[in-house]
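**Student:** Residue numbers (my numbering): 32 to 219.
Note that CB positions come from ideal geometry on N, CA and C, so glycine has one too.
Quantities reported herein were computed from a predicted structural model and do not represent experimental measurements.
Take this structure, written in structure tokens, and hold onto it; I'll ask about it next.
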Amino acid sequence: MGATKARQLSTAEARRGEVLATAAKVFAGRGYYGTSTTEVAKGAGISQSYLYRLFPDKQALFVAVVEDVSRLIRERLGESVAKVGSADPAEVLYAMGDEYARLIADREDLLKVLMHANCAVSEPEIREAVQGMYARLVEYVRSASGARDDEVQEFFARGFLCNVAVSIGAMEVDAPWTRTLLAGIRHY
32 MGATKARQLS TAEARRGEVL ATAAKVFAGR GYYGTSTTEV AKGAGISQSY LYRLFPDKQA
92 LFVAVVEDVS RLIRERLGES VAKVGSADPA EVLYAMGDEY ARLIADREDL LKVLMHANCA
152 VSEPEIREAV QGMYARLVEY VRSASGARDD EVQEFFARGF LCNVAVSIGA MEVDAPWTRT
212 LLAGIRHY
């Protein structure tokens with residue numbers, strides 16, 4: 032009986048991860064407000080009632096997606112820190128920035144979820160999740176890099192600019208305004 036219960040929990044946890052990955056892609060396309068749980072359930076190949084067993088409502092699902100995105104970003108930043116082989120804050124920040132640029136190039140859905148999450152902060156639970164995500168990331172970047180507050184602020188400012196530039200396709204536009212905005216910004 033215990034093994035069956037453990038297997039069910041394991042299956043539910045694995046399914047939850049699959050649903051989060053699908054939900055990220057669906058929310059990336061139409062945002063929090065434009066996406067229905069029916070679309071997420073259909074994309075995940077499950078019934079809507081099963082979706083509601085995993086997540087009590089759409090907002091809880093979206094918050095879980097934001098938290099999963101936060102976890103993925105943190106993991107990838109951590110991997111870059113492990114590879115850098117230097118304690119110099121500038122080098123560590125450069126490695127993290129490079130890894131983040133690669134991540135949003137590889138995972139367009141992740142970038143879009145971030146952008147949609149920032150737009151859905153009028154919902155208190157989502158605002159709390161987004162604030163928590165940035166709080167954890169700022170503290171991680173500060174502690175992992177040893178950078179000063181102004182350096183951490185610049186790191187995030189460049190990251191936000193990179194998000195917008197990638198989202199609007201600024202890299203495909205050769206114009207004075209894009210050259211100004213993209214100077215010194217890495218993208219892949």
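Can you give me the Cβ contacts of A55 inside the same chain, cut-off strictly under 8 Å, excluding the 5 residues immediately before and after it?
**Tutor:** Excluding residues within five positions, the ones whose Cβ falls inside 8 Å are V96, D99, V100, D140, L141, V144.
**Student:** State yes or no: is the C-beta of A85 within less than 8 Å of the C-beta of V71?
**Tutor:** Before going further, note that residue 85 is Leu rather than Ala in the sequence given. Taking 8 Å as the Cβ cut-off, L85 and V71 do not qualify as a contacting pair.
**Student:** Can you list, in chain order, the residues of its chain with a C-beta nearer than 6 Å to that of G62? Leave out the 5 residues immediately preceding and following it.
**Tutor:** These residues qualify, in order along the chain: H147.
**Student:** Contact defined as beta carbons within less than 8 Å: I believe A201 pairs with T211. What is the distance between those atoms, to the nearest angstrom?
**Tutor:** The pair is not a contact, with the Cβ atoms about 10 Å apart (cut-off 8 Å).
**Student:** Nearest to A121 by CA position, among A52, L192, A160, F186, is which residue?
**Tutor:** Comparing Cα-Cα distances from A121 to each of A52, L192, A160, F186, the minimum goes to F186.
**Student:** Please confirm whether I77 and V50 have their CB atoms less than 8 Å apart.
**Tutor:** Closer than 8 Å, so yes.
**Student:** Quick one, which of V57, L103, A75 has its alpha-carbon nearest Y165's?
**Tutor:** Among V57, L103, A75, the Cα nearest to that of Y165 belongs to L103.
**Student:** Please list, in chain order, all residues of the same chain as V57 whose beta carbon is under 7 Å from its beta carbon, the five residues on each side excluded.
**Tutor:** Within the same chain, V57 has close Cβ partners T66, E70, V71, G74.
**Student:** Identify whether A45 lies in helix, strand or coil by the three-state DSSP scheme.
**Tutor:** Helix, per DSSP.
**Student:** Apart from the five residues on each side of it in sequence, which residues of its chain come closer than 6 Å, Cβ to Cβ, to G177?
**Tutor:** Taken in chain order, the residues that qualify are P120.
**Student:** As a quick exercise: from V183, S117, E130, C150, pick the residue whose alpha carbon is nearest that of A59.
**Tutor:** Nearest option by C-alpha distance: C150.
**Student:** So V169 and V152 are supposed to be a Cβ contact under 8 Å. How far apart are they, rounded?
**Tutor:** That belief does not hold up - the Cβ atoms of V169 and V152 are roughly 17 Å apart, past 8 Å.
**Student:** Look up V161 in the DSSP assignment and say whether it is helix, strand or coil.
**Tutor:** V161: helix per DSSP, three-state reduction.
**Student:** With distances taken from CA atoms, which of Y171, V161, A160, A52 is nearest E110?
**Tutor:** Nearest of Y171, V161, A160, A52 to E110, Cα basis: Y171.
**Student:** What residues in its chain sit with their C-beta under 7 Å from that of Q90, if we drop five residues either side in the sequence?
**Tutor:** The answer, listed in chain order, is E154, E156, I157.
**Student:** Just checking my contact of R189 with I216 at CB under 8 Å: how many whole Å lie between their CB atoms?
**Tutor:** At roughly 6 Å, the Cβ-Cβ gap stays under 8 Å, so R189 and I216 are in contact.
**Student:** Mapping the DSSP letters down to three states, classify G76 as helix, strand or coil.
**Tutor:** In this structure, G76 counts as coil in the three-state DSSP scheme.
**Student:** Classify E98 as helix, strand or coil using the three-state DSSP reduction.
**Tutor:** Helix at E98.
**Student:** Which parts of the segment 161–207 are runs of the beta strand (DSSP E), unbroken and 3 residues or longer, counting only runs that do not cross its ends?
**Tutor:** Complete beta strand (DSSP E) runs here, min 3: none at all.
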